[in-house]
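**Q** Every position in the sequence shown, counted from 1, becomes a number in the numbering used here once 351 is added.
Sharing a structure here in structure tokens format.
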Amino acid sequence: MVLKCPQRCKNAAQNPTGTTADPDVNGEAISELGTAQSENGKVIMPAATVRFEIPFSVPGASRNGTFAGPSTPCAYRSESKSSCSYPKYLFLTSWLGNNNQSQVSIFAGMAGNTFGQIFRLTTFGESHGAAIGGIIDGCPAGLEISTEFIQRELDRRRPGQSDLSTPRKESDTVEILSGIFEGRTTGQPIAFVIRNADQRSKDYGKLKDVYRPSHADYTFEAKYGIRDHRGGGRSSARETACRVAGGAVAKQLLSAALGAEIRGYVSAVAEARLEVPPETLDFSLPENEVRCPHPETAQRMRSLIEGARDSGDTLGGAVSCIITGVPPGLGEPVFDKLHADLGKAVLSINAVKGFEIGSGFAAAGMRGSEHNDAFEMHDGKPATLTNHSGGVQGGISNGMNINFTAAFKPVASIKTAQKTVTRSGEAAEIEIGGRHDPCVLPRAVPIVEAMAALVLADHYLRNRTVKL
Ligand SMILES: Cc1cc2nc3c(=O)[nH]c(=O)nc-3n(C[C@H](O)[C@H](O)[C@H](O)COP(=O)(O)O)c2cc1C
């Protein structure tokens, strides 16, 4: 099929990935986009043929460049280039409507601000900007939504909850802008914002020209050539509030559709590890400030966090998660295995360094005779006697509880002096002021749960298309 590109294509060209740098597109697209294959209602276009030409005017660039692909137009990047193409990328286009009246929207995972395939969350905003927020697309209509629940989830993540977390005071009040009417989803994009309130940008003045060790300062600058030094901009974990809001909608979908529940808890803070089997934990207890549902271990964790706080250091740890009520069948057998998608989701959380599902790394030291999860019939359905698989086999949920653990590093903001370099390459010493968490683990629990909810909601919806 040869796609005819209508004039609306210029919208895609103007801002295909949500980047802010729009060329001043004056003209219309030419007609031919290239040869494409149609698959399940989507059009997959080989990158080499994705070419459309739009006369555009960008100061200092050719008025008649060839703008190809979803990236920021190359004319923006290099004034010497008047045309560009990105042959190494495959672009996924969605074909809405028919023939040459159709709109072609082009997007790709390059900028990575969107997560999911059907249930999709896009987040925006920075730590010290006006607001952060997101758009959830693909949430089916008719789902009853409690905005109070979304707010409660945000309250579990927000800073300043106890003397163990950063004193930055953010109410993290969510405002729903669209997609919910009379308490139900309308099937339209659900947009929300959370305004930033307690920014103290001056705390970050000293960080303008130096790179914080083990933070994202150097890598941002190496990649973009510009960075918002105030609180880390987009690399700040403030962004994760949007994931929690999106995850709260996903949780409500999973609860309504499957009765599934996702429970995260802190299973380690530094050397204080929760040693009891997860099935003995009592989740009916109100969450304590450490979010470890075992009071004795929670007390040990608390003492360690206080010690780190008082000495200006930070501590790592682990968040574990148990998901109940997931039926067999979620997850795809090859690249989009359920545990692979959970792994990506969890590893995309700031400061996460490891992910394991079921027996995880311990499996490497076991024998098959120990590790195999024997089957028996339970209520007329196959069930396993043990759950080393963590509820996923062959990338597909098997109906048992899904359990996984995420390892968090001790975050970078320590108060002791550290060796670093400046932007201009001089040796320097840095002491990080500002307000930071000595241990982010308690606040990370709702973030981990949210990412798991997004993955499961997406796979639940995907799974509804696989058989008659
Ligand atoms: C809830 C939460 C709060 C965080 N707060 C801080 C903080 O106060 N200081 C800090 O250096 N890093 C903090 N981080 C981690 C940084 O965002 C993260 O380390 C940084 O973006 C670099 O990414 P990386 O550690 O994944 O490589 C926090 C992470 C989470 C999940």
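Just so it is clear, CB atoms sit at the ideal spot from N, CA and C, and this is done for glycine as well.
Because the structure is a prediction, the values reported are computed rather than measured.
Note down, in chain order, each residue of its chain lying with its Cβ closer than 8 Å to the Cβ of LEU819, except the 5 sequence neighbours on either side.
**A** If we look at LEU819 and ignore the five residues flanking it on each side, it has no Cβ neighbours.
**Q** Does the Cβ of GLN603 have 16 or more other Cβ atoms within 10 Å, making it buried, or fewer, making it exposed?
**A** Buried, by the Cβ-count rule.
**Q** Taking the alpha-carbon positions, what's the ALA714 to VAL806 distance?
**A** About 24 Å.
**Q** Could you tell me the distance, in whole angstroms, from the CA atom of THR474 to the CA atom of ILE486?
**A** Taking the straight line from one Cα to the other gives about 7 Å.
**Q** Quick check on DSSP: helix, strand or coil for ASP664?
**A** Residue state, collapsed to three classes: coil.
**Q** In its own chain, which residues sit with a C-beta less than 6 Å from the C-beta of LEU558, not counting the 5 before and 5 after it?
**A** If we look at LEU558 and ignore the five residues flanking it on each side, its Cβ neighbours are HIS580.
**Q** Taking 7 Å as the cut-off, is the CB of LYS770 close to at least one heavy atom of ligand 1?
**A** Because no heavy atom of ligand 1 lies under 7 Å away, the Cβ of LYS770 does not count as near it: no.
**Q** Using only CA atoms, which one of PRO637, LEU689, MET652 and TYR562 lies nearest to ALA779?
**A** Selected option, being the one with the closest Cα: TYR562.
**Q** What is the rounded straight-line gap between the Cα of THR536 and the Cα of GLY467?
**A** Distance between the alpha carbons of THR536 and GLY467 is about 18 Å.
**Q** Quick one: does the C-beta of SER586 sit closer than 7 Å to a heavy atom of ligand 1?
**A** Because some heavy atom of ligand 1 lies under 7 Å away, the Cβ of SER586 counts as near it: yes.
**Q** Could you give the DSSP three-state label for CYS490: helix, strand or coil?
**A** In the structure shown, CYS490 sits in coil (DSSP, three-state: anything other than H, G, I, E or B).
**Q** Taking the alpha-carbon positions, what's the THR773 to VAL525 distance?
**A** Their backbone Cα atoms lie some 38 Å apart in a straight line.
**Q** Only counting runs of 4 or more residues, tell me where the alpha helix (DSSP H) segments fall wholly within the segment 745 to 814, in order along the chain.
**A** Here the runs fully enclosed are 792 to 814.
**Q** Would the beta-carbon of ARG642 be found less than 7 Å away from any heavy atom of ligand 1?
**A** ARG642 Cβ: outside cutoff for every heavy atom of ligand 1.
**Q** In its own chain, which residues sit with a C-beta less than 6 Å from the C-beta of ARG660, not counting the 5 before and 5 after it?
**A** So the list reads PRO789, once near-sequence residues are dropped.
**Q** Under a Cβ-count criterion, where at least 16 other Cβ atoms within 10 Å of its own Cβ denotes burial, should ALA757 be classed as buried or exposed?
**A** That one is buried.
**Q** I'd like to know whether the C-beta atoms of VAL677 and ILE753 end up nearer to each other than 8 Å.
**A** Yes.
**Q** Is any heavy atom in ligand 1 found nearer than 7 Å to the beta carbon of HIS479?
**A** No, ligand 1 has no heavy atom inside 7 Å of this Cβ.
**Q** In whole angstroms, what separates the C-alpha of LEU494 from that of LEU698?
**A** Those two C-alpha atoms are separated by around 29 Å.
**Q** Would you check whether ligand 1 has a heavy atom nearer than 7 Å to the C-beta of SER764?
**A** The answer is yes for SER764.
**Q** Rounded to the nearest angstrom, what separates LEU655 and ALA669 at their Cα positions?
**A** If you take the alpha carbons of LEU655 and ALA669, they lie about 14 Å apart.
**Q** Assuming GLY823 contacts ILE747 (C-beta within less than 8 Å), just tell me the rounded distance between them.
**A** Because the chain spans 352 through 819 in this model, residue 823 falls outside it and cannot be assessed.
**Q** In chain order, what are the residue ranges of uninterrupted beta strand (DSSP E) at least 3 long that sit wholly in the segment 510 to 593?
**A** Fully enclosed beta strand (DSSP E) runs of 3 or longer: 525 to 529 and 541 to 546.
**Q** Considering only residues of the same chain and omitting the five flanking positions on each side of ARG546, which have a CB-CB separation below 6 Å?
**A** Counting only Cβ-Cβ distances below 6 Å, and skipping sequence neighbours, we find ALA482.
**Q** Following the continuous beta strand (DSSP E) through ARG614, name the residue where it begins and the one where it ends.
**A** It spans 612 to 620 - the beta strand (DSSP E) in which ARG614 sits, taken as one unbroken run.
**Q** Answer with buried or exposed for ALA619, where buried requires no fewer than 16 other C-beta atoms within 10 angstroms of its C-beta.
**A** Answer is buried; the Cβ neighbour count reaches 16.
**Q** In or out: HIS729 buried (at least 16 other Cβ within 10 Å) or exposed?
**A** With fewer than 16 other Cβ atoms within 10 Å, it is exposed.
**Q** Out of curiosity, what's the CA-to-CA distance linking ALA734 and ALA801?
**A** In a straight line, the C-alpha of ALA734 is about 27 Å away from that of ALA801.
**Q** Just to confirm before moving on: does the CB-CB distance between GLY530 and ILE541 stay below 8 Å?
**A** Yes, these two residues count as a Cβ contact at 8 Å.
**Q** For GLY583, verify whether its CB is less than 7 Å away from any heavy atom of ligand 1.
**A** Checking the Cβ of GLY583 against ligand 1 gives yes.
**Q** For GLY538, which option in ALA492, SER565, LYS704 and SER513 has the closest C-alpha, if you only look at C-alpha atoms?
**A** Measuring from the Cα of GLY538, the nearest candidate turns out to be ALA492.
**Q** Rounded to the nearest angstrom, what separates PRO761 and VAL791 at their Cα positions?
**A** Their Cα atoms are separated by approximately 8 Å.
**Q** Cα separation between GLU683 and LEU689?
**A** The straight-line gap from Cα to Cα measures roughly 7 Å.
**Q** Does the distance from the CB of GLY709 to the CB of ASN738 come in under 8 Å?
**A** It is a contact, given that the beta carbons lie within the stated cut-off.
**Q** According to the neighbour-count rule (16 or more other Cβ atoms, all chains shown, within 10 Å of its Cβ), is GLU782 buried or exposed?
**A** With fewer than 16 Cβ atoms within 10 Å of its Cβ, GLU782 is classed as exposed.
**Q** Residues in the same chain with beta-carbon distance under 6 Å from ILE501, minus the five sequence neighbours each way, listed in chain order, please.
**A** So the qualifying residues of the chain are VAL525, ALA596 and ALA599.
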